[in-house]
Amino acid sequence: MTLSVETLQAGYGRTRILKDVSIPAMTAGSFVGLIGPNAAGKSTLFKSLAGLVTPTAGRITLGGDDITHLPRRDRVRRIAYMPQAYGCNALLTVFETVLLALKQTTGWRVQGDNLDRVADTLSALGLSHLADRGIADLSGGQAQMVAVAQTIVRAPEVILLDEPTSALDLHHQLSILTSVRSEMQRRQPVIMAALHDLNLAAKFCDRLVLLRAGEVLADGTPADILALPEIGETYRVDTDLEHTRRGALYVDARLPAAASAA
Amino acid sequence: MSVELTADQMRQAYASQVARRYGMIAAVAGLLALSFFLDVATGPGHYPLSTVAEVLADPLSHGVRLKVIVWDYRLPVAVTAVLVGALLAVAGAQMQTILNNPLAEPFTLGVSAAASFGASLAIVLGVSVIPAVGPLLVTTNAFVFALATCGIILFATRLKGVGSETMILFGIAIFFTFSALLALMQYMASEDQIARIVFWMMGSLSRASWEKIGLATLLLAVAIPFSLYRTWPMTALRMGEATAESMGVDVARLRVEMLICISLLAATAVSFVGTVGFVGLVGPHIARLLVGEDQRYFVPLSALVGALVLSLTSLISKSITPGIIYPIGIITSLIGVPVFISIILSTRREKLS
């Protein structure tokens, strides 16, 4: 199963956000990190893939099928999209929240198989002890983890995560991305995540796509991409790519001399 | 460190939760049955409960006089209380869900005020928006204005960039507009007409009739199954609009469908009994506390709690002073105010934490 984006254009009204985005051959069981500054078009790209924004040109293919204009109802069975987190004060338990995500595509009646899938998902993400807890009582990290559970419970072919680690502490950042990677190994979906932290992106992703102003600026392995001078230009910082003593990539970023003097 | 549960333990916990919810629904249904029976059994002219029960089972068992009292006077009122309570509470529950606001209900969004204006228009000027309705002039006018107000709110949701907050503000604007128009009507009215308007607005179950009951039953028989059919998208909407959309819910369409449903329920309820505030607020709020917001349980229980509240109100309205039936609108509001305040306080606490 391969996801490909070909010369995609999209926007809102007359504002064009995605000018020309091509991301070829994202293979099953790989973790693609989408990086780039705010307003680069990361969310719009996800929404186009999820069918919430209609592309004006270009093509999206999944496993050989052209899904550019696949209706939303059919699309949500194949592609799960997790939008950026918002608070939620519903009186629902964690178990119910994950169940309702599954029930959007699996018929009206709750069947035993549905409950098994919810329980499996919660166990896989280490959330089983929260199953009975109210969603409004969770910490930010736990709530984000539940949002991830809502996407993977549907066992989709593609998982799109829009800034899954923003506003989380270090422990939860690592545990979310570790869970996502283990899901990737378990069921082999294509995973795309928009990430702001380049070091996290380097640590967890197999491939990075650098987006700027609605265009793909670079696409390749973390080691190649993070070494490019474009990284510094795009984020308007000075960067050096270093290797830590344990062999991990480390992006050392600072404000350019001119900017910090000002 | 918290202990992880096995899949079986999670399933069992969920199953017992579901069982508790059915238990809650059954308990409220039982209370409603009791309240309904006491409502029928109460009134000027004291008859033993057993006699009333026998007349209910066999209309002519105690003669024609009792048949008329129970079947023609008391029963329509008691049934109307149950049905209108359910209509208002289901409308309130769905408004709260689609507008993501715990304070939304037909009353706070101006539907009742519009209906009152429609009624006063009929009382004062004898103006009908639909010709040749005869004795149903007041009811029809109230209905049309209530429905039109829902239509305006519905139209507002279709405008681009109008979120749920704007819709609430819109409702408040409608409320004040119709309140002002109503005051104008009262200013122009004669003393006798003012008395009729005031009486209409206070809300009364005495306008009950079997035809109205039939219509209300029909509406509920359509609305509740329809809500249940849309139960999963509606529950998803409680996760927030963006999350619901990401799950494949067509939020805009769902809002329109539900608003049409709500409009009919609210307009019917208000035009039948006048201004009855807080049932649409209190019913869903109590239901939510009892069974949470899985709409499969929340909507039916809201209906039952709303029915129970109005049925109890009907009972209380007859019991305070023997021989006098107080307008139900007054009593629901007096019961409603403490609940209203507790909602405001609990929402504040949620935001603080």
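Residue numbers (our numbering), protein chains in the order written: chain A, 1478 to 1739; chain B, 22 to 374. Built from N, CA and C at the ideal position, the CB exists for glycine as well. What you are looking at is a predicted structure, and each value in this text was computed from that prediction instead of being measured.
Requested in this report: Consider the Cβ of Thr187/B: report whether some Cβ of chain A lies at a distance smaller than 7 Å.
Outcome: no
- Item | Span of the beta strand (DSSP E) around Glu25/B | Element bounds for Glu25/B: n/a, residue is neither H nor E.
Among residues of its own chain, excluding the 5 on either side of Leu373/B, which ones have a beta-carbon nearer than 6 Å to its beta-carbon? Annotation note: pLDDT 40 at Leu373/B (below 50); position unreliable, no value reported.
### Query
What do you get for Gln1621/A, buried or exposed, if any count of 16 or more other CB atoms within 10 angstroms of its CB means buried?
buried
- Task: Starting from Met1559/A, find everything on chain B with Cβ-Cβ shorter than 9 Å and list it in chain order.
- Result: Thr264, Ser267
Short-range partners of chain B found in the region 1527-1541 of chain A, where Cβ spacing is below 9 Å:
Ala1527, Gly1528, Leu1529
Counting beta carbon pairs with one atom in the region 164-179 of chain B and one in the region 269-284 of chain B, are three or more of them shorter than 8 Å?
yes
Looking only at C-alpha atoms, which of Leu331/B, Phe199/B, Leu355/B sits nearest to Leu108/B? Leu331/B
Pull the bridge partners of Thr1492/A from the DSSP assignment, please. Tyr1489/A
* Best match in Ile352/B, Lys233/B, Glu314/B, Leu205/B for proximity to Phe299/B [C-alpha to C-alpha] -> Ile352/B
For Val1482/A and Leu1640/A, the rounded distance between their alpha carbons: The sequence given here places Glu at residue 1640/A; Leu does not occur at that position. Taking the straight line joining both Cα atoms gives about 20 Å.
Open item on the list: Determine, for Met116/B, whether the minimum Cβ-Cβ distance to residues of chain C falls below 7 Å.
Closed with: Absence of chain C from the displayed structure is noted, the protein chains being A and B.
(request) Please report how far the alpha carbon of Ala194/B lies from the alpha carbon of Ala134/B, in whole angstroms. (result) 11 Å
Identity of the residue in Ala1632/A, Ala1562/A, Val1623/A, Ala1679/A nearest Val1553/A by Cα: Ala1632/A
Residue(s) in a DSSP beta bridge with Asp1433/A: In the structure as shown, chain A starts at 1478 and stops at 1739, and residue 1433/A therefore has no counterpart that could be examined.
Cβ of Leu373/B within 7 Å of any chain A Cβ
No answer about Leu373/B holds up, because its pLDDT of 40 lies below 50 and its placement is not dependable.
- Query: How many Å lie between Ile1653/A and Leu1569/A at the Cα?
  - Reply: 22 Å
Note to self: Looking at the strands, I want to know which residues DSSP matches up with Ala1534/A.
What the structure shows: Gln1486/A
Quiz item: Are Pro1666/A and Glu1634/A closer than 7 Å when you measure CB to CB?
Solution: yes
**Report entry** Under 9 Å by beta carbon: chain B residues contacting Ser1600/A
**Finding:** Glu25, Leu26, Thr27, Ala28, Met31
Item to check | Thr296/B - containing beta strand (DSSP E), residue span | outcome: Premise fails: Thr296/B is in no beta strand (DSSP E) and is neither H nor E.
With respect to the beta strand (DSSP E) encompassing Tyr347/B, which residues constitute its N-terminal and C-terminal limits?
Counting along the chain, Tyr347/B falls outside any beta strand (DSSP E), and DSSP gives it neither H nor E.
Three-state secondary structure assigned by DSSP to Gly1697/A
strand
Check: So the beta strand (DSSP E) Ser1507/A belongs to, where does it begin and stop?
Finding: 1507-1512
How about the region 65-74 of chain B and the region 199-211 of chain B: do they share at least three Cβ pairs that are nearer than 8 Å?
no
Rounded separation between Val297/B and Leu1526/A - CA only:
48 Å
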